[in-house]
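Read in the working numbering, the sequence shown has 406 at position 402, and its numbers run on one by one without any break.
Glycine included, C-beta positions come from ideal geometry on N, C-alpha and C.
Just so it is clear, the structure is predicted and the values come from calculations on it, not from any experiment.
Read the structure below first, then the notes.
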Amino acid sequence: MAGKFSINLVACAIEQSFMAYPLGALCILTALNNDVRTKDATDVSLSHYLADTHDPVAAAQAVAKTGSNLVGLSMYLYNRDWFNRFIPAFKQLCPDTILYAGGPEAGAKARELLDMGLSFIVLGEGEETVALAVSQLLEGLEPHGPGIQTRSTPLAHAVYPLDLSTLASPLLTGTAIPSDYEGVLWEMTRGCPYHCAFCFESRGSRSVRTYPDERIEAELELLVAHEVKHVFVLDPTFNMDRKRTVHMLTLLRDRSPSDMHFTFEVRAELLDKQTAQLFSQFHCSLQIGLQSCKATVLNGIGRKFDPELFASKVALLNTHGVVFGLDLIIGLPGDTLESFRDSIDYAIGCKPSNLDIFLLALLPGTQLAEDAKALHLLHQEKSPYLLLGSPTMKSADIAVALRLKDACDQFYTQGQAVMWFHAACSGLDFRPVELLEAFSVYLEECPIEEDEDIFAVQDRFIQTLYHENDKQDLLPALLSYMELHQGIAHLQESGESPVVYLQYDSDLLAQLDSMPLADFSRTYPPSEEPQPNWIFVDDGILYVEKMEG
């Protein structure tokens, strides 16, 4: 073979963000550049696209111009539609180029992709498998063996490297330059011991494999040197091994700068006082998969749930000031509209900073997708495979739940309402879900204008709602409480010190953290006119100072 065998790896993220880091493709590129069978005989490049910016047909034309011998596609649920348009455009231009795909979506839909003209599919974690396939191509052979599915080998099985120390690091080899991206996706472990029926991980490797401490420490040092600001730790359950969790949190606390933010996915039930305290000692946030507050629903997908235990564990995070969010899923088997409403109440009662709600997706290759017919779960046949209806949640119920999701996204999460939401509910004796339902109705009558300030929308809605319920006498206290926390949120988000107008002393408003709004309003009269207060930070301490004159 004259010259080097050229390979182009194609990655596609949803949009430009710190989550756009093409870790999967970078791992394959690194493996090929370091495998003794391929490193001297290949020339490997990476083409990175954004689904919301780059046209897939134009991308196919650009990749075709590279003249590569082999093109690999890094395929996930979120970019499947983009690649569905890329593949035929590329095949038309380069019908003889070898084309393969890897990633969760590719493995789950291997036969479908082979029928679209791909030569082979990589199943499981691809570093060793792609290196094997390329070494065979270099010898003039068709790819075959563990982790490789072709038309002639339909029963191939996924491969998961057992010893992660054998894998070269994209960061430490210089393959990935962190400063080229807005943030980094970072692995400390692979694999998940849990078997949640809706999740890809349940069909992956059950054995949790860890990268060597020395590699993690060296990678952290490099991330710090490149002044990376956002790091998303990809471990499916970061705090599964308590001893290792404490060790890693101590490392991050001691060696990461204050402006480097880490995001972790954790299991609430495994939290304790020490780990909560460690999380509070450096810049991070946690995401926790609640999914539902109904034990019967969660039992049906392979999860156990004790509502009192869960609440006590997340209370540790609130006690130590750790920012965390919760996830809910609409439409799990056995879930009803009413049980979903209960889950919203329970989740908001835990006081997360954000509540992320998703409609159930029946992901190919998961246990739930395989059981969908038996469970009478009607869903989309193509990506994103969303639920259309179930015996306990009809399509009309799903539509209502999705409107609640939108209301929660805007009012609670984007509006950063966690600190005052309970007070807004208490003044009307509303459940959290009832306040969101009222906001959903309000949005239909008064849609939010593009670029309209969400804090202004919240203020207007609350005033309307309290007047409609003849509770306007509670508004001075509630609006001052909201204004105070909206100002703090603005400071934390922008770094700008705002002036807020309050009808109460800020120290007095702190009583609303636990005191019912009606009791507070009866006990403490407001000032006649709102008074200006300056919110600022000095030496790491937040101050609210009344402005004179």
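Between the Cα of residue 514 and the Cα atoms of 481, 532, 34 and 497, which residue gives the shortest distance? Comparing Cα positions, the closest option is 481.
- Query: Does the segment 393-405 touch the segment 319-333, meaning 3 or more C-beta pairs lie closer than 8 Å?
  - Reply: With contact defined as three or more Cβ pairs closer than 8 Å, the segment 319-333 and the segment 393-405 are not in contact.
Discussion item. If you reduce the DSSP assignment to three classes, tell me which class residue 5 lands in.
Written reply: Its pLDDT being 46, under 50, residue 5 is placed unreliably in this model, and the value from its coordinates should be taken loosely. Residue 5 falls in the coil class under three-state DSSP.
Excluding the 5 residues flanking residue 8 on each side, which residues of the same chain have their C-beta closer than 7 Å to its C-beta?
Contacts found: 45, 46 and 47.
- [ ] Can you check the segment 403-432 for any alpha helix (DSSP H) of at least 4 residues that lies completely inside it and give the ranges in chain order?
- [x] Listed in chain order, the complete alpha helix (DSSP H) runs (minimum 4 residues) inside the segment 403-432 are 425-430.
* Asked: For the beta strand (DSSP E) that residue 288 lies in, which residues bound it at each end?
  -> Per DSSP, the continuous beta strand (DSSP E) segment holding residue 288 begins and ends at 288-295.
Is residue 456 helix, strand or coil by DSSP? Residue 456: coil per DSSP, three-state reduction.
Return the CA-CA distance between residue 229 and residue 223, expressed in angstroms with no decimal places.
-> Near 10 Å, if we compare the C-alpha coordinates of residue 223 and residue 229.
Skipping 5 residues on each side, what residues in its chain have a beta carbon closer than 6 Å to that of residue 111?
A distance below 6 Å between beta-carbons, with the five flanking residues on each side excluded, links residue 111 to the following residues of its chain, in chain order: 127.
- Query: residue 86 bridges to which residues according to DSSP?
  - Reply: According to DSSP, residue 86 bridges with nothing at all.
**Asked** Which value, in whole angstroms, describes the spacing of the CA atoms of residue 60 and residue 85?
**Response** For the pair residue 60 and residue 85, the Cα-to-Cα distance works out to about 10 Å.
**Prompt:** What is the DSSP secondary structure of residue 537, counted as helix, strand or coil?
**Reply:** In the three-state scheme derived from DSSP, where H, G and I count as helix and E and B as strand, residue 537 is classed as strand.
Checklist entry - Beta-carbon of residue 482 versus every beta-carbon of chain C: anything under 8 Å? => result Here there is only one protein chain, and chain C is not present.
Requested in this report: Can you check DSSP and say which residues form a bridge with residue 126?
Outcome: Residue 126 is bridged by DSSP to 152.
Who are the Cβ neighbours of residue 465 in its own chain at under 7 Å, not counting the five residues just before and after it? Apart from sequence neighbours up to five positions away, the residues of its chain that approach residue 465 with a beta-carbon distance below 7 Å are 443 and 446, ordered along the chain.
Can you look up residue 443 in the DSSP assignment and give me helix, strand or coil? Note: residue 443 maps to helix in three-state DSSP.
*Take residue 219 and list the residues in its own chain whose beta-carbon comes closer than 8 Å to its own, dropping the five residues that flank it on each side.*
Contacts found: 169, 173 and 176.
request  = Could you tell me if residue 62 is buried or exposed, where buried requires 16 or more neighbouring beta carbons within 10 angstroms of its beta carbon?
outcome  = Residue 62 comes out exposed.
query = If we count the other Cβ atoms within 10 Å of its Cβ and call it buried at 16 or more, is residue 426 buried or exposed?
reply = Buried, since its Cβ has 16 or more Cβ neighbours within 10 Å.
| Supposed contact pair residue 490 and residue 459 - C-beta distance, whole angstroms, cut 8 Å | Contact check for residue 459 and residue 490: beta-carbon distance about 5 Å, within the 8 Å limit, so the pair qualifies.
key: Exposure of residue 414, with buried meaning 16 or more beta-carbon neighbours within 10 Å   = Residue 414 is buried by the Cβ-count criterion.
Rounding to the nearest angstrom, what Cα-Cα distance links residue 12 and residue 121 in this structure? Taking the straight line joining both Cα atoms gives about 17 Å.
Quiz prompt | Helix, strand or coil at residue 73 [DSSP, three-state] | solution = For residue 73, the secondary structure class from DSSP, reduced to helix, strand or coil, is coil.
message: Less than 7 Å between C-beta atoms, sequence neighbours within five positions excluded: which residues of the same chain meet that for residue 534?
response: Close CB contacts of residue 534 within its chain, under the 7 Å cut and outside five residues either way in sequence, are with 505, 506 and 507 (chain order).
* **Three or more C-beta pairs below 8 Å linking the segment 274-292 and the segment 243-253** => Cβ pair count under 8 Å is three or more, so yes.
**Q.** Through-space distance from residue 494 to residue 552, alpha-carbon basis
**A.** When rounded, the distance between both Cα atoms is 22 Å.
Taking the alpha-carbon positions, what's the residue 10 to residue 146 distance?
-> In this structure, the alpha-carbon of residue 10 lies about 17 Å from that of residue 146.
With three or more C-beta pairs closer than 8 Å as the rule, is the segment 468-480 touching the segment 382-401?
Under the three-pair Cβ rule at 8 Å, the segment 382-401 does not count as touching the segment 468-480.
Let me know the alpha helix (DSSP H) ranges lying completely inside the segment 497-542, each 4 residues or longer, listed in chain order. Taking only runs of at least 4 residues, the alpha helix (DSSP H) segments lying wholly in the segment 497-542 are 510-513 and 521-527.
- prompt: Would you call the segment 342-358 and the segment 373-382 in contact, with 3 or more CB pairs under 8 Å?
  reply: No, they do not touch.
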